[in-house]
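All remarks here apply to the structure that follows.
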Amino acid sequence: CGCLYFNAPELRGGEDFSVSKIDGNKIDMNVKANIYNDNCFKVKIKPSDLELFVEGESVGTVRLNKKVKLKKRKETPIDANLTATLNEGALMKMMGYAAMGEVEVRLKGKAKGGVFIFSKKIDIDESKKISTSGLSIGR
């Protein structure tokens, strides 16, 4: 079964996100996606901070606010609340990116994962093209 090894969960699509609140340099978001866990055990992704890049430029950090549970050997639809903390001046740049129609967003860093009483840091380096045309604020 390969239960002695830990495989990092895989993003499988279904991505959708909305902005619920903007307060100064903080943006609260909700993200929906399908994540596949290839392991023969459940995995919990614990609150973690990742570096946020838009169009190749570091604009701040993103925090997963609550843990997410992934079922073993299944694709799990997740609904996660995130908070982005933007660098100085990044909010103005983000407004400029919104006019582009589509931007590349990259998350990079280490997420904390857990199985039973064991924890492991999982390397994350994911890039996605996101359409800004359907972006909703306060939905």
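Under the working numbering, think of the first position of the sequence shown as 1400, with each following residue one higher.
Virtual Cβ for every residue (Gly too), placed ideally from N, Cα, C.
Just so you know, these numbers come straight off a predicted model, no measurement behind them.
By the three-class DSSP mapping on this structure, what secondary structure does ALA1351 have?
For residue 1351 there is no data in the structure shown, the boundaries of the chain being 1400 and 1538.
Quick one: any contact between the stretch 1513 to 1528 and the stretch 1483 to 1490, if contact means 3 or more CB pairs under 8 Å?
no
Just checking my contact of PRO1476 with ASN1433 at CB under 8 Å: how many whole Å lie between their CB atoms?
5 Å
In its own chain, which residues sit with a C-beta less than 8 Å from the C-beta of GLY1500, not counting the 5 before and 5 after it?
SER1530, THR1531 and SER1532
For SER1419, the first and last residue of its enclosing beta strand (DSSP E)
1415 to 1422
Nearest to LYS1528 by alpha carbon, out of SER1457, VAL1514, THR1482 and ASP1415?
ASP1415
Collapsed DSSP secondary structure at ALA1489 in the structure displayed:
helix
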